[in-house]
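Written below as structure tokens is the structure these notes are about.
There are 2 protein chains.
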Amino acid sequence: MTDTPTMLQPGATIGILGGGQLGRMLSVAAARLGFRTHIFEPGANPPAGHVADAVTTAPYEDEAALLAFAASVDVITYEFENIPTQALDTLEAHRPIRPNRQALAVSQDRLVEKAFLSDLGLLTAPFAAVDDEVDLAEAIEEIGTPAILKTRRFGYDGKGQSRLRAPEDAAAALADMAGAPAILEGFVEFSHEVSVIAARGIDGEVACFDPGENVHKDGILATTTVPAPLSAAQRTDAVLLAAKILNALKYVGVMGVELFVTPKGLIVNEIAPRVHNSGHWTQNGCAVDQFEQHIRAVAGWPLGDGKRHSDVVMENLIGDDVLRVPGIARESGAAIHLYGKAEAKPGRKMGHVNRVKG
Amino acid sequence: MTDTPTMLQPGATIGILGGGQLGRMLSVAAARLGFRTHIFEPGANPPAGHVADAVTTAPYEDEAALLAFAASVDVITYEFENIPTQALDTLEAHRPIRPNRQALAVSQDRLVEKAFLSDLGLLTAPFAAVDDEVDLAEAIEEIGTPAILKTRRFGYDGKGQSRLRAPEDAAAALADMAGAPAILEGFVEFSHEVSVIAARGIDGEVACFDPGENVHKDGILATTTVPAPLSAAQRTDAVLLAAKILNALKYVGVMGVELFVTPKGLIVNEIAPRVHNSGHWTQNGCAVDQFEQHIRAVAGWPLGDGKRHSDVVMENLIGDDVLRVPGIARESGAAIHLYGKAEAKPGRKMGHVNRVKG
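As given, the protein sequences belong to chains C and P, one line each in that order. Read in order, the letters of the first sequence correspond to residues 15 to 372 in this note's numbering. Read in order, the letters of the second sequence correspond to residues 15 to 372 in this note's numbering.
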């Protein structure tokens with residue numbers, strides 16, 4: 015099978031950094047297109063390893079393991095953005111990494127990300143860099159309260175965040191950052207949150223899935239519903255805005271773009287340079303899902319068009335939610351996706367269910 | 015997670031005999047429900063091995079390998095019916111095999127299968143056992159020509175078959191059997207062929223997917239289209255007939271039931287005690303596909319309802335058809351499924367595409 019010279023041929027191997035549920039679902043999508051996968055993951059017994067052709071268990075500091083991994087694959091992608099820079103340098107010297115380093119650099123740091131989005135002319139929450147109590151006092155002065163202090167790096171699912179109800183919370187919030195560089199973000203009044211799962215191919219083509227409405231609980235995504243309640247104009251705005259971000263980064267792969275819907279327009283909350291929890295509905299709503307879309311981009315294939323054939327409500331199964339699976343298994347139109355994790359700890363994403371409507 | 019005592023818990027391991035594309039897609043479905051899989055396959059580098067937790071490469075005569083395999087799994091299923099009896103005896107002493115031995119015994123032998131179906135009161139093509147030229151002469155006398163002489167065992171995709179246009183073809187057809195016990199089957203006048211993918215759970219519940227219309231080319235399935243052109247009465251007949259077969263066998267798992275549509279009613283062509291090529295459309299037409307349905311049954315889970323949310327045309331990609339994949343990848347609504355096979359030999363099933371209609 016050949017077509018354009020960029021198309022990775024079936025039988026080739028895609029290397030995936032990270033062995034969690036996103037890597038697991040990427041691995042299955044890659045197999046569906048005839049590729050093999052090789053997972054690189056420091057933790058033992060990664061969920062992605064159950065459905066991969068090869069697994070390397072090693073820390074990101076193990077240069078020999080990184081080199082052997084790179085030598086065994088044709089292209090490298092990742093399921094999370096917080097990969098140590100040194101490891102990326104080692105890998106990139108030998109194999110292409112998609113999405114590219116710029117996308118990682120932007121999304122690894124909340125301050126860089128917000129500045130990048132502002133420079134593109136997109137709306138974001140008001141923000142200011144906070145390295146110490148002087149910065150924080152100035153930031154509170156400028157942005158006001160309530161506000162949220164967040165570490166610039168390594169935050170996810172509400173971790174590394176501290177809420178300031180009033181200026182008096184400043185000291186406690188700063189203490190929560192444990193000395194890490196931070197960013198103060200102002201509150202945004204929004205009616206609801208939506209996200210766009212957008213993809214850009216190696217040829218610059220962009221395709222977006224229908225925006226979904228996200229509802230969070232305890233800082234973790236609880237449900238995504240498609241279609242989201244948006245006007246036609248908002249829908250167009252969301253897609254154009256996502257395309258602008260991907261084009262600016264010369265991005266190759268799938269990105270999750272979280273948006274607040276406000277009377278002033280769509281405000282970008284966060285971007286994630288990878289497949290995204292709020293795109294899991296595509297597995298049962300589209301012929302080509304976000305995981306395959308990402309693999310297509312990374313492999314230099316043409317993108318799928320992302321057309322939705324069914325309405326879907328995605329519900330995350332967190333911690334003990336997984337005990338409800340026997341009941342869910344009896345529901346009509348419920349597609350269960352479990353991640354193969356051994357222990358159902360509180361707050362741990364154990365799986366999700368896509369409820370298909372007609 | 016617990017419910018009924020029969021339900022295999024996520025984290026358990028399902029053993030799969032056979033590492034081809036059916037085993038591959040079963041393995042992915044098992045992972046989706048949180049199970050691990052262990053593939054047993056004599057051939058090197060099996061397609062299912064790319065997405066399995068463990069692979070044993072050993073012949074079915076290797077008793078030690080069979081015992082180690084059985085010890086490592088919680089339940090055993092299979093992707094094809096021609097597993098040597100001795101191997102099944104060894105395995106069954108240690109772990110349950112689902113679907114059961116009776117289903118295998120019936121479907122491994124065309125004569126036993128036809129007799130079983132007749133005894134159930136179902137219509138089949140006229141048939142007679144043929145061990146030698148005297149039998150064949152008598153069978154031709156009874157059934158007439160045109161007719162097809164088939165080996166009783168180990169036939170698939172048109173292999174081990176010889177057509178008799180007239181009684182004079184008898185000697186040549188018998189020579190084609192190379193001494194193997196055979197069966198002469200009369201021709202059936204039919205308007206089209208459909209198949210029902212039926213499932214029976216461990217609790218005796220039966221669920222069927224919508225019948226699909228099958229079109230063959232050179233003796234190999236080319237396309238399956240759902241919905242199939244059937245009257246409401248024919249649709250009901252098809253489902254009741256399939257349920258009768260599964261109940262008679264106390265079957266647990268998915269079975270493919272091929273039917274000829276004739277003015278006299280539905281005639282059973284063949285049954286396959288496994289997931290079936292004509293059920294691949296379910297991957298993109300239903301929330302629970304045939305592979306997951308099979309795994310649910312084998313794992314003692316409740317069945318999915320098999321409801322179809324979209325119309326689908328499934329096309330097999332055989333041999334060089336796989337060269338068309340770059341073009342198919344650009345089609346809207348086309349879901350590609352490749353099997354990870356290295357060489358595209360003529361007649362070899364390399365993958366399939368499900369075209370989803372709205």
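Using N, Cα and C, we set each Cβ at its ideal position, and we do this for glycine too.
Segment limits, alpha helix (DSSP H) that includes residue i
| i | result |
| --- | --- |
| K355 of chain P | It is not in any alpha helix (DSSP H) - K355 of chain P carries neither H nor E in the DSSP assignment. |
| K128 of chain C | 124 to 133 |
| K258 of chain P | 246 to 262 |
| N298 of chain C | 296 to 299 |
| S121 of chain P | 115 to 121 |
| E156 of chain P | 147 to 157 |
| E13 of chain C | As displayed, chain C neither begins before 15 nor continues past 372, which places residue 13 of chain C out of reach and without an answer. |
| E77 of chain P | 77 to 86 |
| I342 of chain P | 339 to 342 |
Contact with chain C by residue i, beta-carbon distance below 8 Å
| i | result |
| --- | --- |
| N330 of chain P | no |
| K321 of chain P | yes |
| M21 of chain P | yes |
| V370 of chain P | yes |
| H52 of chain P | no |
| D76 of chain P | no |
| V42 of chain P | yes |
Residue span of the beta strand (DSSP E) that contains residue i, given as start and end
| i | result |
| --- | --- |
| M39 of chain C | Run containing M39 of chain C: none in the beta strand (DSSP E); it sits in the alpha helix (DSSP H), 35 to 46. |
| H52 of chain P | 50 to 55 |
| F141 of chain P | 141 to 144 |
| V327 of chain C | 325 to 332 |
| R369 of chain C | 363 to 371 |
| T104 of chain P | T104 of chain P -> not in any beta strand (DSSP E); alpha helix (DSSP H) instead, spanning 99 to 106. |
| R310 of chain C | Per DSSP, R310 of chain C belongs to no beta strand (DSSP E); it is in the alpha helix (DSSP H), 304 to 312. |
Cβ pair residue i, residue j closer than 8 Å
| i | j | result |
| --- | --- | --- |
| I281 of chain P | L137 of chain P | yes |
| P195 of chain P | R166 of chain P | yes |
| P140 of chain P | T159 of chain P | no |
| P225 of chain P | S209 of chain P | yes |
| V302 of chain C | A257 of chain C | no |
| V289 of chain C | L40 of chain C | yes |
| K363 of chain P | N330 of chain P | yes |
| E306 of chain P | G314 of chain P | no |
| V326 of chain P | N283 of chain P | no |
| H108 of chain P | A82 of chain P | no |
Identity of the residue in the options nearest residue i by Cα
| i | options | result |
| --- | --- | --- |
| I30 of chain C | C:Q23, C:D88, C:E75 | C:D88 |
| D212 of chain C | C:T71, C:V229, C:L255, C:P316 | One point to set straight first is that residue 212 of chain C is Ala, not Asp, in the sequence displayed. Of the listed residues, the one whose Cα sits closest to A212 of chain C is C:L255. |
| T99 of chain P | P:E77, P:V339, P:S86 | P:E77 |
| A68 of chain P | P:E75, P:K128, P:G37 | P:G37 |
| N291 of chain C | C:E199, C:A221, C:H366, C:P160 | C:H366 |
| T237 of chain P | P:A84, P:D335, P:T20, P:T70 | P:D335 |
| K278 of chain C | C:A247, C:Q307, C:C300, C:M269 | C:A247 |
| C222 of chain P | P:L235, P:G33, P:T250 | P:T250 |
| T27 of chain P | P:L81, P:E55, P:A43, P:S86 | P:S86 |
| P73 of chain P | P:H294, P:G233, P:E55, P:P61 | P:E55 |
| G293 of chain P | P:V268, P:R310, P:V275 | P:V268 |
| G193 of chain P | P:L150, P:F201, P:R179, P:D103 | P:L150 |
| Q122 of chain C | C:H108, C:N96, C:H323, C:L102 | C:N96 |
Interface flag, residue i vs chain P, CB-CB below 8 Å
| i | result |
| --- | --- |
| I350 of chain C | yes |
| S346 of chain C | yes |
| A212 of chain C | no |
| V89 of chain C | no |
| L118 of chain C | no |
| N298 of chain C | yes |
| S86 of chain C | no |
| G215 of chain C | no |
| A343 of chain C | yes |
| P241 of chain C | no |
| G25 of chain C | yes |
| G48 of chain C | yes |
| V65 of chain C | yes |
| S324 of chain C | yes |
| A356 of chain C | yes |
| P340 of chain C | yes |
| V365 of chain C | According to the sequence as given, residue 365 of chain C is Gly; it is not Val. Yes - at least one Cβ of chain P is within 8 Å of the one on G365 of chain C. |
Cutoff 8 Å: residue i Cβ touching any chain A Cβ
| i | result |
| --- | --- |
| A301 of chain P | The displayed structure is made up of protein chains C and P, and chain A is not among them. |
Do three or more CB pairs link the region 46 to 53 of chain C to the region 336 to 352 of chain P at distances below 8 Å?
yes
Any contact between the region 255 to 264 of chain P and the region 117 to 134 of chain P? By contact I mean 3 or more CB pairs, one from each, below 8 Å.
yes
Three or more C-beta pairs under 8 Å: does that hold for the region 122 to 133 of chain P against the region 145 to 162 of chain P?
no
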